[in-house]
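The structure appears right after this line, and notes come after that.
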Amino acid sequence: MDAPHQAPEYTPAREVVDYELLFDCVHCGLCLEACPTYILTRTEMDSPRGRIYQIKALAEGRLDADPDVVRHLDLCLGCRGCETACPSGVRYGALIEQARAWVERNYRRTVAQRLRRWIVEMLFPYPARLGIALAPLRLIERAGLRPMLQRGMPQAMREWLELLPPLTADGYAEVPVPNNAESRHGRVAVHRGCVTQVLADSANRNAEKLLAGTGYAIVRLAQTVCCGALDLHSGNRKRALEFARANVRAIRDSGADFVVSTASGCSTAIAEYGELLKDDPELGAAAKKVSAKIKDLSSLLVDAQAQIFRGVECTVTYHDACHLVHGLGIREQPRALLRSIPGVKLVEMESSDLCCGSAGSYNLTHPDAARELARRKADTIIATGADYVVLANPGCQFQIAAELRRRRSIVKVVHLADFLAMAASGSRK
Ligand code: SF4
Ligand code: SF4
Numbered sequence: 388m389d390a391p392h393q394a395p396e397y398t399p400a401r402e403v404v405d406y407e408l409l410f411d412c413v414h415c416g417l418c419l420e421a422c423p424t425y426i427l428t429r430t431e432m433d434s435p436r437g438r439i440y441q442i443k444a445l446a447e448g449r450l451d452a453d454p455d456v457v458r459h460l461d462l463c464l465g466c467r468g469c470e471t472a473c474p475s476g477v478r479y480g481a482l483i484e485q486a487r488a489w490v491e492r493n494y495r496r497t498v499a500q501r502l503r504r505w506i507v508e509m510l511f512p513y514p515a516r517l518g519i520a521l522a523p524l525r526l527i528e529r530a531g532l533r534p535m536l537q538r539g540m541p542q543a544m545r546e547w548l549e550l551l552p553p554l555t556a557d558g559y560a561e562v563p564v565p566n567n568a569e570s571r572h573g574r575v576a577v578h579r580g581c582v583t584q585v586l587a588d589s590a591n592r593n594a595e596k597l598l599a600g601t602g603y604a605i606v607r608l609a610q611t612v613c614c615g616a617l618d619l620h621s622g623n624r625k626r627a628l629e630f631a632r633a634n635v636r637a638i639r640d641s642g643a644d645f646v647v648s649t650a651s652g653c654s655t656a657i658a659e660y661g662e663l664l665k666d667d668p669e670l671g672a673a674a675k676k677v678s679a680k681i682k683d684l685s686s687l688l689v690d691a692q693a694q695i696f697r698g699v700e701c702t703v704t705y706h707d708a709c710h711l712v713h714g715l716g717i718r719e720q721p722r723a724l725l726r727s728i729p730g731v732k733l734v735e736m737e738s739s740d741l742c743c744g745s746a747g748s749y750n751l752t753h754p755d756a757a758r759e760l761a762r763r764k765a766d767t768i769i770a771t772g773a774d775y776v777v778l779a780n781p782g783c784q785f786q787i788a789a790e791l792r793r794r795r796s797i798v799k800v801v802h803l804a805d806f807l808a809m810a811a812s813g814s815r816k
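First residue of the sequence shown? That's 388 in this note's numbering, and the numbers climb one at a time after it.
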């Protein structure tokens with residue numbers, strides 16, 4: 388008889404996980420102190436090395452997908468800090484995605500877990516659905532009743548609500564940015580993301596304005612869908628492939644030379660379409676080209692030697708979003724831009740590239756670990772004495788802002804695109 392947590396149709400893990408990749412790990416342990424979950428629990432099985440060990444044991448049939456193993460794999464943020472730290476080039480991100488896809492096919496989750504995951508999967512990749520779901524809250528906020536609503540909610544729901552940014556705020560999109568209307572450097576398409584276009588669209592619009600203002604032509608994508616990152620990280624590979632195919636067609640047909648996303652998780656997902664769709668007979672080659680077009684906003688602005696900043700007097704610290712720094716290797720370019728702004732003093736926070744706990748939908752599915760990481764991140768931000776913490780991912784923005792709001796901190800959390808637009812206008816918000 389099947390174990391209660393085992394799905395009826397059991398697939399051997401070895402058929403799903405790229406077994407050879409597991410042997411790249413030489414068990415040196417150099418990744419351990421770069422791993423946020425190991426830092427939190429000090430448990431080997433919550434470290435990259437421990438998880439690789441468990442994935443190997445699953446692949447060899449020495450371990451069953453029981454609640455303990457799944458808990459250790461689930462607790463991973465997918466931040467890929469371990470990849471940056473690893474001297475052996477272990478492709479941990481690919482391994483955990485494959486292992487999670489296997490878990491979802493072979494492990495029966497509890498009703499509460501399935502409900503949480505269902506809400507995330509049915510809502511977040513669909514901007515129209517998310518917009519409709521948030522409409523009542525928008526009205527409540529307009530009436531000034533959001534704090535009262537939050538106070539009266541059960542704790543689990545209150546924590547979800549706290550993560551939402553103010554829905555009726557002006558944002559930063561109205562800041563004027565000089566637009567040269569020339570295309571000296573090529574054509575750029577901004578993939579607007581799903582959650583980003585509902586909750587942080589000013590970053591998209593300001594990215595377009597900044598790029599246009601520095602000599603790029605903006606082209607629109609006919610139709611895009613979720614990048615698939617949420618599904619890849621939660622083991623829903625089938626839908627991630629469907630999303631990837633739709634995006635590859637849209638980007639291929641747009642004629643764009645470069646693709647930018649203001650959500651670093653989306654950028655990394657698109658950068659991996661070539662690998663994801665390598666066996667697709669129709670779109671394999673196109674996916675590879677699309678992946679090569681991914682660029683970060685800060686890289687394009689540095690390449691164009693952007694000189695559009697009038698200046699703003701303030702102290703800024705920069706938080707490295709995991710997928711931007713560990714996935715795409717972008718560390719210096721945003722800092723170079725910030726340093727180039729007259730009046731800006733850039734101060735480094737401790738462990739700027741350690742995950743803040745946002746990690747896609749992690750802060751919704753693992754609120755305790757996410758909250759502890761947010762607390763640590765807020766401590767390091769406040770210790771800098773900065774006026775602003777600038778970052779390039781809306782998920783980190785919501786997570787860090789929620790923690791700073793709880794502490795009534797005056798530090799402002801601003802997306803890089805919004806901050807640069809503000810600096811271009813010369814007026815501080
Ligand atoms: S991806 Fe992040 S949380 Fe997961 S094992 Fe690597 S460092 Fe740890
Ligand atoms: S993942 Fe890399 S750094 Fe970590 S134990 Fe294995 S070889 Fe060492």
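From the three backbone atoms N, C-alpha and C, an ideal C-beta is built for every residue, glycine too.
Excluding the 5 residues flanking it on each side, L464 has same chain C-beta neighbours closer than 7 Å at P423, T424, C742, A746 and Y749, in chain order. When the Cα atoms are used, A631 and D618 turn out to be separated by approximately 11 Å. The segment 663 to 687 is shown to contain no whole beta strand (DSSP E) run of 3 or more residues.
Cα atoms of Y440 and I426: separation of roughly 18 Å, rounded to the nearest angstrom. Residue L724 holds the alpha-carbon nearest to the alpha-carbon of G698 among A530, L724 and N780. For the alpha helix (DSSP H) assignment, the uninterrupted runs of no fewer than 4 residues enclosed by the segment 585 to 622 are, from N- to C-terminal side, 588 to 600 and 616 to 621. Linking A811 to T704 through their CA atoms gives a straight-line distance of about 18 Å.
If one requires a minimum length of 3 residues, the beta strand (DSSP E) runs lying completely within the segment 710 to 773 are 731 to 733, in chain order. Taken in chain order, the complete alpha helix (DSSP H) segments of 4 or more residues contained in the segment 400 to 449 are 423 to 428 and 435 to 446. Looking at Q692, R496, S651 and F645, the one whose alpha-carbon comes closest to that of S678 is F645. The C-alpha of A587 lies about 21 Å from the C-alpha of A530.
Burial state of Q485 is buried, judged by a 10 Å Cβ sphere holding 16 or more other Cβ atoms. The alpha-carbon of G573 is positioned some 13 Å away from that of E595. Beta-bridge pairing by DSSP links S648 to H578. Between A650 and P721 the beta-carbon gap is near 14 Å, outside 8 Å, which marks them as no contact. Exclusion of S685 from the 6 Å shell around ligand 2 follows from its C-beta lying no nearer than that to any non-hydrogen atom of the ligand.
Fewer than three pairs of CB atoms, one per stretch, sit closer than 8 Å, so the segment 783 to 801 makes no contact with the segment 665 to 681. When secondary structure is reduced to three states using DSSP, Y479 falls in the helix class. Relative to I768, the option among A757, L711, D755 and R794 whose CA is nearest is R794. In chain order, D405 and L408 place their CB closer than 7 Å to the CB of A481, counting only its own chain and leaving out the 5 sequence neighbours on each side. About 6 Å separates the beta carbons of V647 and K682, which is inside the 8 Å limit, making them a contact pair. Between the beta-carbon of A616 and that of G652 there is about 5 Å, and that keeps the pair under the 8 Å contact cut. Look at R436: its beta carbon is less than 6 Å from one of the heavy atoms in ligand 2.
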